[in-house]
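The numbers in my numbering rise by one with no breaks, and the one at position 160 of the sequence shown is 1037.
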Amino acid sequence: MGEVVNVIVAFAVIVFIVRWATSGKESSAEPSPASILGFRPRNVTNEMVETIHSMFPDIPTDNIRYDLLRTGSVEVTSNKLIERGFLPAPPPSYYTLYPRTPVNTAPQTPNNGRAPAPAAPSSKEKRDNLISKYHLESRLTSGSSSAIVNPEEAGGKAVWEDTPEKREASLRERKAKMILAARERLLAQQKAEQEKRSS
């Protein structure tokens, strides 16, 4: 009888030690990104984020990165932006893995109240790069009013085409219209600011 009690006590002690050892490992291990986000994140590079951010500069980079983590595709995310016009903000759990991206601010240097000089060329380079990336120079140099689209027409609904080639051409045309409309808005805004300064 005494041996049976010793065996039961020894077995209970072994079970207690095993549970204590495994529970300590689970609590000390970091949770996986999939358990934090609620889905298995795809591989996202900074180039992917920058590609979309250069096309849609008004969309925060955190929103872009979160959607890319879900889709893993620049094309799918950019199509969402073209169709919806926005990307949803990431949940708070996203910021535990990816801390908020700081807003790029120029260093405060005394320049007698003038705006920093490098800002204008960098925005011009981005604009030129986007126009050249999609080969839209011919539409700008033609100067015809048909080449410049109305901003309200740029984000219109696409018609579902029969073949993949036609759908790709339709998407390419919609992207071109959106880029040209954004350029027109920027030029109109700059012109209004110049007129305001001159008057």
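Here a beta-carbon is modelled for each residue, glycine too, at the ideal position from N, C-alpha and C.
Just so you know, these numbers come straight off a predicted model, no measurement behind them.
Membership of Pro1041 in the alpha helix (DSSP H) is indicated by the continuous run Pro1041 to Ser1075. Ranking Lys1068, Asn956, Val921 and Phe888 by CA distance to the CA of Phe933 puts Asn956 first. With contacts defined by Cβ atoms closer than 8 Å, Ala1053 and Leu1013 form a contacting pair. Only residues of its own chain outside the window of five on either side were considered, and among them Arg1044 and Ser1047 have a CB closer than 7 Å to the CB of Glu1038, listed in chain order. Ile1056 is positioned such that its CB atom lies closer than 8 Å to that of Leu1007.
Look at Trp1037 here: in three-state DSSP terms it is coil, with no helix or strand label. In this structure, the straight-line span from the alpha carbon of Tyr1011 to that of Ala898 is close to 59 Å.
Excluding its 5 nearest sequence neighbours in each direction, Ile929 has C-beta neighbours in its own chain below 8 Å: Ile936, Ile941, Leu945, Val951, Thr954, Ser955 and Leu958, listed in chain order. The residue among Glu1050, Tyr975, Lys1068 and Ser912 with its C-alpha nearest the C-alpha of Asn923 is Tyr975.
For secondary structure counted as the alpha helix (DSSP H) over 4 or more consecutive residues, the stretch 904-928 holds these complete runs in sequence order: 910-914. For Gly949, same chain residues with a beta-carbon under 6 Å away, outside a window of 5 residues either side, are Arg919 in chain order. Annotated as proximal: Phe916 and Arg947, with beta-carbon spacing under 8 Å.
Collapsing the DSSP output to three states places Asp935 in coil. A distance of 8 Å or more separates the beta carbons of Tyr971 and Leu1064.
Val886 counts as exposed, since fewer than 16 other beta carbons sit within 10 angstroms of its beta carbon.
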